[in-house]
Structure formats: structure tokens, C-alpha cells
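For reference, the structure is listed below as C-alpha cells.
Numbering (the working numbering), first residue to last: 955 to 1129.
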């Protein structure tokens, strides 16, 4: 199998991480998520961003330690330029806003429970995140990024069954 460097992106709640972990597991390659590199570990989480240079350095180290290949899931449109030459394939997961928002709300409730409910220590930040997720990461910005890449790109319907999206992704990368 040739070395795979698969980048998967899309708007929050589109199914990017789910596809990334499923694809990495099927292919037996590393599963990398940009959020792990983007955010410093804090409690409450998602408060402190790592400097861009540190993010890129950590991602490159993880890529280099994955000789069989990797899947990098998440958005890096505005800061990940140095990583682009490493991509062998790119996948954009396009999912309707209503599906994305339902997924995000369910995920956040599962992750944080009462902390995001009124009176919880994460209530306000969660409300701000939900508001941002409903419009954040403009599709046009991500589409322009994908069009600039020098690797095969595809858009998949994140509203389809996970098994269907995974099968399409495997077919796209030739597996």
C-alpha cells in the first residue's frame, strides 16, 4: 500500500472525526485530529490555543511517526499551509446544518453533561460554541482551500449512513 496522507475536513458536526477514525481503523493507519494539536489541555477545555508553529510541529512529528500513513481530521484552512504538501488525498464532508447542529448538541451533552446546562461552569462557553457552529467555518473558504490543493479531492455527503460514507472514502483512496 502506498503511503497515505489523508486530510478530512468539513464544518463542525459534519462527521469529519467519525469518518477519520473509521477510515484510519480500516486502513490500519494513524488517526490524527487537529483539535488535539490546536488546543492546550485545560479544564474547562478549549480555552487556550497552542501557537501555530507548535501545532504544526506536533502534527509533523505525529505524521512522521506513522510510517504506514495517517488520516488528519479537522480544519486547518487558516493555519495549516505547511502541512498541505503532505496530503495524498483530501475529503470534504458536507452535511446540512440541521444534522450538524443535532450532532453537536448531542456530542456536547454526552461529553460535558450538567456542565453545559444553565448554571454549569461551561454553559456560556457552550452557548457561544453552538452559536459559532451554526455559521462557523464558511463553506466557501473551505472549498477554496480544497481547490488549491495538489492532490485528489472529493466531497462526501455526511448526512448519509456512516457505513456508506466510509465505503465511499475507501473507494476514493483506492482501498
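All residues carry an ideal CB built from backbone N, CA and C; glycine is no exception.
DSSP three-state call for residue 1002: helix, strand or coil?
Coil.
Counting Cβ pairs closer than 8 angstroms, one from the segment 981-989 and one from the segment 1051-1063, do we hit at least three?
The segment 1051-1063 and the segment 981-989 do not touch, with fewer than three beta-carbon pairs separated by less than 8 angstroms.
Quick one: which unbroken alpha helix (DSSP H) runs of 4-plus residues sit fully inside the segment 966-1046? Chain order, please.
Those alpha helix (DSSP H) runs which fall completely within the segment 966-1046 and span 4+ residues are 970-981, 988-992 and 1006-1018.
State the start and end residues of the unbroken beta strand (DSSP E) segment that holds residue 1110.
Residue 1110 -> beta strand (DSSP E) spans 1107-1111.
What would DSSP say about residue 1075, mapped onto helix, strand or coil?
Residue 1075 falls in the coil class under three-state DSSP.
Does DSSP classify residue 963 as helix, strand or coil?
Assigned with DSSP and collapsed to three states, residue 963 falls in strand.
Provide the residue span of the alpha helix (DSSP H) that contains residue 1070, from first to last.
No alpha helix (DSSP H) holds residue 1070; DSSP gives it neither H nor E.
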